[in-house]
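In my numbering, the protein residues as written are 1 to 346. Glycine residues also receive a C-beta, built at the ideal position from the N, C-alpha and C atoms. All figures in this text were calculated on a predicted structure; none of them were measured in a lab. Here the structure comes first, spelled out in structure tokens, and everything after it is commentary.
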Amino acid sequence: MKWQLLPAARFADAAPHWAALHGAGPAAPMLAPAFVAALLAEFARGPELVALCEDREGLCAAAVLVPLGGGRWATFQPAQAPLGLWLQRPDAEAGRLLAGLADALPGCALQLGLTQCDPLLQPRPPDAPRTRTLDYIATARIDVAGSFDDYWNARGKNLRSNLRKQRNRLALDGITPRLDVVGEPGRMAAAVAEYGRLESAGWKARGGTAVAADNAQGRFYTRMLEALAADGNARAYRYWFGERLVAMDLCVLERDTIVILKTAYDEDAAGALSPALLMREEACRALFGEGRFRRIEFYGRVMEWHTRWTDQVRTLYHLNHYRWPTLARLHALLQERSTAITRTGA
């Protein structure tokens, strides 16, 4: 087993290897080379490294890493990335890979963390003397199986009744809702600009976190969606009340999986209406009808509204490797103490 390290600025050199490893594993559109390249272009600060590992059978792992100081390294994790940037061949053993990578990193890492791992993509390993896992967040998905009518009839009565009443109200007001989908690369910049205008009119603008066509977030989503759309792997869902755009989803997809990365809606148009939920119903109906997808992923922290749409919830996790078992035990003790203090308020 041999690790090769490259400056992240040379990700283009590693991209063919990354693509081969990515394509050989489960569908994960947020780990596609185009997604990673766009993250690095907008959010990398210089010290990030690309790591590639080969064994006798060929490429077995790849990662983008960032130093945290004090001998600690972790997968590069800007807020726009739902998962840590780590890939491994399904038959590879994570603990062994991490041990080799820790030795290869500058200064020999004392702690190496894989952040925000998905057990559907990388089964959660048991704790070992030098590796430990930690819960991150619970996240939800919709399993696309059977007909939409069967799925919808299994939802709670309150959800179905509420959205039906909203549609009736729109009809009484003479408003025709409609859903359309943008998938062409040349239209993605305009779609991100539209999304930014929706988000910038709401609470995220007040918090300074809204997407805008001319900020780093807007540039990232435009670049990433354009690149993925060239292969048919990006969509912007737009929902209209007549000629008024009231909600949008920005999505990436791959094989049998579609991920809803971002949702925004017109807060002024909401009132007693829920534009985003009305859009979600129509988008889900269309996705069930396509017959292509098996999973609709949210990848955010589970909220109450998620549980009205699905009961499929799992826990994402962090995986930490330590140079010595003593460090692992010490870190575990510190985490336990911190948790106890938080619970007691001491």
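Tell me the DSSP bridge mates of residue i?
{"i": "Arg351", "result": "Missing from the structure shown is residue 351; the chain here goes from 1 to 346 and no further."}
{"i": "Glu62", "result": "For the sequence presented, residue 62 should be read as Ala rather than Glu. According to DSSP, Ala62 bridges with Leu52 and Leu87."}
{"i": "Pro7", "result": "Leu49"}
{"i": "Ile142", "result": "Ile296"}
{"i": "Leu333", "result": "Looking at the DSSP assignment, Leu333 forms no beta bridge with any residue, so it has no partner."}
{"i": "Trp240", "result": "Arg178 and Leu245"}
{"i": "Val252", "result": "Ala234 and Val259"}
{"i": "His318", "result": "Leu134"}
{"i": "Tyr265", "result": "Ala247"}
{"i": "Ala128", "result": "Thr131"}
Determine the contact status of residue i and residue j, defining contact as a CB-CB distance below 8 Å.
{"i": "Gly183", "j": "Ala234", "result": "yes"}
{"i": "Tyr317", "j": "Ala283", "result": "no"}
{"i": "Arg200", "j": "Ala190", "result": "The amino acid occupying residue 200 in the given sequence is Ser; Arg does not appear at that position. Contact flag unset, no."}
{"i": "Phe347", "j": "Ile258", "result": "Absent from the structure is residue 347, since the part of the chain shown begins at 1 and ends at 346."}
{"i": "Phe220", "j": "Leu39", "result": "yes"}
{"i": "Ala104", "j": "Trp3", "result": "yes"}
{"i": "Leu192", "j": "Phe293", "result": "Position check: residue 192 holds Val in this sequence, whereas Leu was assumed. No, the pair does not count as a contact, with Cβ atoms beyond the cut-off."}
{"i": "Leu163", "j": "Ala28", "result": "no"}
{"i": "Gly25", "j": "Leu101", "result": "no"}
{"i": "Pro82", "j": "Met30", "result": "yes"}
{"i": "Ala216", "j": "Phe35", "result": "no"}
{"i": "Leu198", "j": "Asp266", "result": "yes"}
{"i": "Ala269", "j": "Phe241", "result": "yes"}
{"i": "Phe225", "j": "Leu250", "result": "The displayed chain sequence assigns Leu, not Phe, to residue 225. Contact: yes."}
Here's the rule I'm using: 16 or more other beta-carbon atoms within 10 Å means buried, otherwise exposed. How should residue i be labelled?
{"i": "Gly168", "result": "Per the sequence shown, residue 168 should be read as Asn rather than Gly. The residue is exposed, with fewer than 16 neighbouring Cβ atoms inside 10 Å."}
{"i": "Thr326", "result": "exposed"}
{"i": "Met303", "result": "exposed"}
{"i": "Gly218", "result": "buried"}
{"i": "Gly84", "result": "buried"}
{"i": "Asn320", "result": "buried"}
{"i": "Thr176", "result": "exposed"}
{"i": "Ala346", "result": "Low confidence applies here, because Ala346 scores a pLDDT of 49, under 50, leaving its location unreliable and the question unanswered by this model."}
{"i": "Glu57", "result": "exposed"}
{"i": "Pro106", "result": "exposed"}
{"i": "Val181", "result": "exposed"}
{"i": "Ala227", "result": "buried"}
{"i": "Pro16", "result": "exposed"}
{"i": "Trp309", "result": "buried"}
{"i": "Arg223", "result": "buried"}
{"i": "Thr263", "result": "buried"}
{"i": "Leu330", "result": "exposed"}
{"i": "Asp256", "result": "exposed"}
{"i": "Ala328", "result": "buried"}
Using a Cβ-Cβ distance cut-off of 8 Å, determine whether residue i contacts chain B.
{"i": "Asp256", "result": "Considering every chain present, this structure includes no chain B. It has just one protein chain."}
Would you call the region 274-282 in contact with the region 90-99, where contact means no fewer than 3 C-beta pairs closer than 8 Å?
As far as the Cβ criterion goes, the region 274-282 does not touch the region 90-99, which means the pair count is below three.
Sequence ranges, beta strand (DSSP E) only - wholly within the region 285-315, length at least 3
Counting only runs of 3 or more, we get 295-297.
Is the number of C-beta pairs between the region 106-114 and the region 286-304 that are closer than 8 Å three or more?
As far as the Cβ criterion goes, the region 106-114 does not touch the region 286-304, which means the pair count is below three.
Can you list the alpha helix (DSSP H) stretches of 4 or more residues lying completely in the region 147-212, in chain order?
Taking only runs of at least 4 residues, the alpha helix (DSSP H) segments lying wholly in the region 147-212 are 148-153, 157-172, 188-200 and 203-207.
Is there contact between the region 69-80 and the region 112-121, where contact requires at least three CB pairs shorter than 8 Å?
Counting Cβ pairs under 8 Å, three or more are found: they touch.
Okay, do the region 127-134 and the region 48-64 touch, 3+ Cβ pairs below 8 Å being the bar?
Per the Cβ contact rule, the region 127-134 is not in contact with the region 48-64 (fewer than 3 Cβ pairs under 8 Å).
Using a Cβ distance threshold of 8 Å, determine whether the region 133-152 contacts the region 239-252, with at least three qualifying pairs required.
With contact defined as three or more Cβ pairs closer than 8 Å, the region 133-152 and the region 239-252 are not in contact.
I'd like to know if the region 43-50 and the region 5-17 are in contact, where contact means that at least 3 CB-CB pairs between them fall below 8 Å.
In this structure the region 43-50 lies against the region 5-17, because at least three pairs of beta carbons, one per stretch, are closer than 8 Å.
Does the region 307-315 come within contact of the region 139-159, defined as at least 3 CB pairs closer than 8 Å?
Yes, the region 307-315 is in contact with the region 139-159.
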